[in-house]
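Trainee:
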């Protein structure tokens, strides 16, 4: 089922024109504002994986953490089942987290080094479910471990994080998130810290979870090839702005935004040889404490126009659910001003 | 788990043994002095005034004919008692203020930090002197309390910064995303990571307490009980240094130094554990290997040279 | 140019030595880009540090030799060199680029001063003006504006730092540049930029490159020849195209298939099952046998040798055992 056909009822969690600015006090009144996420819109649907692709500093992790209610929004709204979510200070209540879970990038960091596998799973289960006695709890823990292929479960349940391999640790992190029976899984670069040979295993696990448990999933990555492998739809972020999105094949095989093109061209692809030609300067992302006006990619864009420097384009629909924020595809505003 | 690794270090074991000896002395010393040595610390031996070590008095006697060994043993009790009590107080305060501020953040943290900084900038020793001057009948508890109340701010600051960084570590965030309760987050996830720091803080506070007690006694603020501080103060009062009665002030001084050394040894051990670069065992192995290789290399070149020489002889 | 044979490196630990590089043979020819691919713990970084004699205790080279050939000179043995001889060889002949530029640069020294230090150390008597000109030239070579020489490392972006590090490596016109995951810490676009620059520099200056990474698809694009390492040994070595199109060793195949493709039609990929080996307690026989989908009977007991077959080298019983024996 392509996302265009799916109805709005499938949407579990959505970010609606979300903006996040971090105020950082530099002492002596030299406060700076980091424009981390600007006007981002994102919908997570049951049984679908959305990949959020971008380089470091593109705001993809911030967006995921906003969805996990790590910090309050600057503007915009996050809705769960259509209901706006409001958190006062930081972090939501247990009720919210029983439906939305987050998987961290670094599985070693996400596990308390002093606590065993049993502790991690037991806390997650006990916080969100009630059990009739130890036996049932024990049974559930072993089941969870089996579900993520953390086997032999009976042997590993008393292990400590440092006794597990990288892949096993990430499986444990996933199992812990699954323990609460969430509807949404936010995965923040879940494979980037893992060894190459086990990355695919974890991707396959996430894929299976989507299909078998009908999970809505956000997959954050800088690796566009893995996004193609895992996701149904993809959104590309650059310097806090969402620049393009749509069905994964459509975006990757036929990118419309110059940044998406650059990103795909730059990704390693054994099918095409690397040549010394075109070793020109491709530029670097802007400083988010003082981002350029308009489209933030205009400094590096080979097609930059005057309007790109002043105004960020509205979303242009390209058909079949594919869209982009780019003046190359947007209708220019009339030169006459309203009067 | 890490305790066992800690105990493997010779330094830590030496430090712990020294501390344990002093603790035993503090607990059973007075009984031992009265019933085994039969020489109560206050008893005066008129036949032996300011005697150097030897004979009936292994460490000599004071100007008044009191046995120095007995005094050192009995003095250990109040010194250690003041040290431990003030350290408990200081550590508890440091944890309360530091961990709470670091964990909660925001307004609470600002307030607690201000409070901590206030205490740090206060001239603590002078304040203790002034307060003690007003208190009628100073007991060792009062001394311990006064010392403890000024001993915590440094530790609190350190614990705050550590808690702050632990709180934003991924594993703590992960537990928050599970909806873990606040008290469990503090006591089960964060505090266990601070045990090393807390025990180091405690030891440091204890030594500082013992030293402060001696210092206060030296300045005339002490309970009536004998402590190492009062011993040194008495000896100074009676011009022991000028008269050359070294056996009077040296033993309590050495005891103070020994306790300081013991805690330093233990802290080294804790450091070594938390900083793997300092681990010496592997370095030793490599040195051994290098030596063996150099020797082998030398032998090879020697043999080659010999062969060479032999070859030359053959040719010649 | 570089001839490594039987190189063995142990990490001395309290519980006995851990062998992280085991009898590695590798040759680097002039003007060649040799890629070394492997996962963490495969010994690829250990190999690099041993190759450049930069390893720190507790890592020690226990066996093997590294011969360095230069035209008009006798080949020299790197493993028995003294520190002084090594210092002369480094930068002038062999230069190194590490993964994290931040760790390799002095944080309190301006970029230009670091260049000056290196140049003066290896070109005694070089004039001040010449140092300045050379620094500007080197920075421009990698596309960093020359006025950046006045910046401190932390003032540069990650990409610029990494490029400056490459420029620094080229300061004394080395004949071999050894690179240990030089692009892991930067983003894909910057990675592409650095790599194309590296290629054009190599084209112009004619140095050889030893490039270590875990990213096989990147290596296929970049390198002439690739050696695949697993558990401290080279398990396959061949021309890049052969590694990608027709890998012999099951591990190489698994590694290749572990990277989803960008454009090719794609089905479910399987990757490599199981966990990387524990070097403290390596598996018997072929170290890959517990994870191998094409395991033979002798794999758990007999260690396959790295043997030349069809213009490549591979260490696998599948290819070194005569066909009739397999079917038996």
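Residue numbers (the numbering used here), protein chains in the order written: chain E, 62 to 400; chain X, 5 to 320; chain F, 2 to 329. Glycine residues also receive a C-beta, built at the ideal position from the N, C-alpha and C atoms. Quantities reported herein were computed from a predicted structural model and do not represent experimental measurements.
My parser needs the beta strand (DSSP E) runs of 3 or more residues fully inside the segment 160-240 of chain E; what are they?
Mentor: Listed in chain order, the complete beta strand (DSSP E) runs (minimum 3 residues) inside the segment 160-240 of chain E are 161-164.
Trainee: With residue 230 of chain X and residue 90 of chain X assumed to form a contact (beta carbons below 8 Å), what rounded beta-carbon distance in angstroms separates them?
Mentor: As a working note, residue 230 of chain X is residue 226 in the second chain. As a working note, residue 90 of chain X is residue 86 in the second chain. 18 Å between Cβ atoms; not a contact.
Trainee: Spell out whether any CB of chain F is found under 7 Å from the CB atom of residue 387 of chain E.
Mentor: The residue labelled residue 387 of chain E in the question sits at position 326 within the first chain. By this cut-off, residue 387 of chain E is not an interface position.
Trainee: Which runs of the alpha helix (DSSP H) spanning at least 4 residues fall entirely within the segment 43-115 of chain X, listed in chain order?
Mentor: Counting only runs of 4 or more, we get 72-108.
Trainee: Quick check: what's the CA-CA separation for residue 401 of chain E versus residue 216 of chain E?
Mentor: An answer regarding residue 401 of chain E cannot be provided, because it is not within the stretch 62 to 400 covered by chain E.
Trainee: Please identify, using Cβ separations under 9 Å, the residues of the segment 167-187 of chain X that lie next to chain E, in order along the chain.
Mentor: Answer set for the segment 167-187 of chain X: 173, 174, 175, 176, 177, 178, 179, 180, 181, 182, 183, 184, 185.
Trainee: What residues in its chain sit with their C-beta under 8 Å from that of residue 30 of chain X, if we drop five residues either side in the sequence?
Mentor: To locate residue 30 of chain X, count along the second chain from 1; it is residue 26. 80, 81, 83, 84, 85, listed in sequence order.
Trainee: Taking the runs of the beta strand (DSSP E) that are 3 residues or longer, which of them lie wholly in the segment 14-96 of chain F?
Mentor: Counting whole runs of 3 or more residues, the segment 14-96 of chain F contains the beta strand (DSSP E) stretches 19-29, 34-38, 60-69.
Trainee: Could you tell me which whole alpha helix (DSSP H) segments of length 4 or greater appear in the segment 227-301 of chain E?
Mentor: Listed in chain order, they are 227-239, 257-274, 285-291.
Trainee: Within a Cβ cutoff of 6 Å, which residues of the same chain sit near residue 38 of chain X, ignoring the five residues on either side of it in sequence?
Mentor: For the purposes of this step, residue 38 of chain X is taken as the residue at position 34 of the second chain. Once the five neighbours on either side are set aside, the close Cβ partners of residue 38 of chain X are 44.
Trainee: If you compare alpha carbons, which of E/238, E/222, E/218 is closest to residue 160 of chain E?
Mentor: To locate residue 160 of chain E, count along the first chain from 1; it is residue 99. Here the closest residue by C-alpha is E/238.
Trainee: Less than 7 Å between the C-beta atoms of residue 76 of chain E and residue 101 of chain E, yes or no?
Mentor: By one-based count along the first chain, residue 76 of chain E stands at place 15. By one-based count along the first chain, residue 101 of chain E stands at place 40. Taking 7 Å as the Cβ cut-off, residue 76 of chain E and residue 101 of chain E qualify as a contacting pair.
Trainee: Whole angstroms is fine: what's the gap from residue 196 of chain X's alpha carbon to residue 250 of chain E's?
Mentor: Here residue 196 of chain X refers to the residue found at position 192 of the second chain. Here residue 250 of chain E refers to the residue found at position 189 of the first chain. About 29 Å.
Trainee: Taking residue 105 of chain F as the reference, give the member of F/49, F/89, F/149, F/169 with the closest Cα.
Mentor: Taking the first residue of the third chain as position 1, residue 105 of chain F is located at position 104. Nearest C-alpha to residue 105 of chain F: F/169.
Trainee: Could you tell me the distance, in whole angstroms, from the CA atom of residue 377 of chain E to the CA atom of residue 307 of chain E?
Mentor: As a first step, residue 377 of chain E is located in the first chain; it is residue number 316 there, counting from the start. As a first step, residue 307 of chain E is located in the first chain; it is residue number 246 there, counting from the start. Taking the straight line from one Cα to the other gives about 12 Å.
Trainee: For a test of the three-state rule: what should DSSP assign to residue 336 of chain E, helix, strand or coil?
Mentor: Position 275 of the first chain, counted from the first residue, corresponds to residue 336 of chain E. Residue 336 of chain E falls in the coil class under three-state DSSP.
Trainee: Any contact of the segment 124-135 of chain X with the segment 149-161 of chain X, i.e. 3+ C-beta pairs under 8 Å?
Mentor: Yes, they touch.
Trainee: Closest by CA to residue 353 of chain E, which one among E/315, E/319, E/371, E/320?
Mentor: Within the first chain, the letter at position 292 stands for residue 353 of chain E. Checking every option, the nearest Cα to that of residue 353 of chain E belongs to E/371.
Trainee: Can you find a CB in chain E that lies within less than 7 Å of the CB of residue 194 of chain F?
Mentor: Your numbering for residue 194 of chain F matches position 193 in the third chain. So, interface residue.
Trainee: With DSSP as the reference, label residue 21 of chain X as helix, strand or coil.
Mentor: Translated into positions along the second chain, residue 21 of chain X becomes position 17. If DSSP states are grouped into helix, strand and coil, residue 21 of chain X belongs with the helices.
Trainee: Across which residues does DSSP place residue 230 of chain F in a beta bridge pair?
Mentor: Translated into the one-based positions of the third chain, residue 230 of chain F becomes position 229. Residue 230 of chain F is bridged to F/235.
Trainee: Going along the chain, which residues of the segment 209-222 of chain F sit with their C-beta nearer than 9 Å to a C-beta in chain E?
Mentor: If the cut-off is 9 Å between Cβ atoms, the segment 209-222 of chain F has 215, 216, 217, 218, 219, 220, 221, 222 near chain E.
Trainee: On the CB-based measure, 16 or more other CB atoms within 10 Å of its CB, does residue 278 of chain E come out buried or exposed?
Mentor: Position 217 of the first chain holds residue 278 of chain E. Buried.
Trainee: Per DSSP, what are the beta-bridge partners of residue 75 of chain E in this structure?
Mentor: Looking up residue 75 of chain E in the first chain gives position 14. The partner list for residue 75 of chain E (beta bridge, DSSP) reads E/104, E/140.
Trainee: Any residues in the segment 162-175 of chain E with a beta carbon nearer than 7 Å to a beta carbon of chain X? Which ones, in chain order?
Mentor: So the close ones are 162, 163, 165, 167, 170, 171, 172, 173, 175.
Trainee: On the premise that residue 40 of chain F lies in contact with residue 100 of chain F, defined as a C-beta separation below 8 Å, what is that separation, rounded to the nearest angstrom?
Mentor: Residue mapping note: residue 100 of chain F aligns to position 99 of the third chain, counting from 1. Residue mapping note: residue 40 of chain F aligns to position 39 of the third chain, counting from 1. Incorrect: roughly 15 Å between the Cβ atoms, too far for contact.
Trainee: For residue 236 of chain F, decide whether its Cβ has a neighbour in chain E, counting only Cβ atoms nearer than 7 Å.
Mentor: As a working mapping, residue 236 of chain F is identified with position 235 in the third chain. Judged by the 7 Å Cβ criterion, residue 236 of chain F is not in contact with chain E.
Trainee: Measuring only between beta-carbons, confirm whether residue 72 of chain E sits less than 7 Å from chain F.
Mentor: Residue numbering aside, residue 72 of chain E sits at position 11 when the first chain is read from its first letter. It does not: the Cβ of residue 72 of chain E has no partner Cβ on chain F nearer than 7 Å.
Trainee: Would you list the one or two residues that DSSP bridges to residue 180 of chain X?
Mentor: Residue mapping note: residue 180 of chain X aligns to position 176 of the second chain, counting from 1. The partner list for residue 180 of chain X (beta bridge, DSSP) is empty, contrary to what the question assumes.
Trainee: Between the segment 206-230 of chain E and chain X, which residues of the former have CB atoms less than 8 Å from a CB of the latter, in chain order?
Mentor: From the segment 206-230 of chain E, no residue has a Cβ closer than 8 Å to chain X.
Trainee: Just verifying my parser: in three-state terms, what is the DSSP assignment at residue 1 of chain F?
Mentor: The question about residue 1 of chain F has no answer here: the residues shown for chain F are numbered 2 through 329.
Trainee: Quick one: what does DSSP say residue 110 of chain E is sitting in, helix, strand or coil?
Mentor: Working through the first chain from its first residue, we reach residue 110 of chain E at position 49. Reduced to three states, the DSSP call for residue 110 of chain E is strand.
Trainee: Give me, in chain order, the residues of the same chain whose beta-carbon lies closer than 6 Å to that of residue 98 of chain F; leave out the 5 immediate sequence neighbours on both sides.
Mentor: Stepping through the third chain from its first residue, residue 98 of chain F is reached at position 97. Hits under 6 Å: 166, 167, 170, 180, 183.
Trainee: Between residue 269 of chain X and residue 15 of chain X, which are expected to be in contact by the criterion C-beta below 8 Å, what is the C-beta distance as a whole number of angstroms?
Mentor: Within the second chain, residue 269 of chain X is the residue found at index 265, counting from 1. Within the second chain, residue 15 of chain X is the residue found at index 11, counting from 1. Yes, residue 269 of chain X and residue 15 of chain X are in contact; Cβ-Cβ is about 4 Å, under 8 Å.
Trainee: Buried or exposed: which applies to residue 118 of chain X, given that a residue is buried once 16 or more other Cβ atoms fall within 10 Å of its Cβ?
Mentor: Taking the first residue of the second chain as position 1, residue 118 of chain X is located at position 114. Exposed.
Trainee: Please go through the segment 117-171 of chain X and give each complete alpha helix (DSSP H) segment of 4 or more residues, from N-terminal end onward.
Mentor: The qualifying runs are 128-138, 144-155, 157-171.
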